[in-house]
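Please read the structure below before turning to the comments.
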Amino acid sequence: LPALLEKQVVVCDEVGCGVVPVDREERLWREKVGRMTCRLARQAERVERVLCGLPMTLKGEGTWS
28 LPALLEKQVV VCDEVGCGVV PVDREERLWR EKVGRMTCRL ARQAERVERV
78 LCGLPMTLKG EGTWS
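Plus 27 on top of the position in the sequence shown (first one is 1) and you've got the working numbering.
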């Protein structure tokens with residue numbers, strides 16, 4: 028987390044949607060990724076979600092046109 032907080036931009040694939048994995052290790056990995064992105068978002072100035080090329084500002088001022 029500290030190394031990611033030093034970055035200007037962090038990009039993460041969405042891992043929380045869809046079918047929950049049967050494998051315990053995969054579920055734990057998915058949970059850890061989700062919690063980490065939540066922690067990053069709390070400390071970020073701006074958070075954007077892009078789905079199918081459509082941006083959505085979740086936090087901060089959006090500048091997409």
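From the three backbone atoms N, C-alpha and C, an ideal C-beta is built for every residue, glycine too. Since the structure is predicted, the reported quantities are computational estimates derived from the model, not experimental observations.
Item checked: Neighbourhood of E98 by C-beta, 6 Å cutoff - its chain only, sequence neighbours within 5 removed -> Past the edges of the chain, shown from 28 to 92, lies residue 98, and the structure says nothing about it.
Between which two residues does the alpha helix (DSSP H) harbouring L28 extend? Numbered from its first residue, the sequence shown carries residue 28 at position 1. It is not in any alpha helix (DSSP H) - L28 carries neither H nor E in the DSSP assignment.
Legend entry - Opening and closing residue of the beta strand (DSSP E) in which R73 lies: Here the question's residue 73 lines up with position 46 in the sequence shown. No beta strand (DSSP E) contains R73, which DSSP labels as neither H nor E.
- Query: L85 and V74: beta carbons closer than 7 Å?
  - Reply: Residue 85 sits at position 58 when you count from the first residue of the sequence shown. Residue 74 sits at position 47 when you count from the first residue of the sequence shown. Yes, the pair counts as a contact, with Cβ atoms nearer than the cut-off.
- Taking DSSP as the reference, what is the three-state secondary structure of K34? Here residue 34 corresponds to residue number 7 of the sequence shown, with the count starting at 1. Reduced to three states, the DSSP call for K34 is coil.
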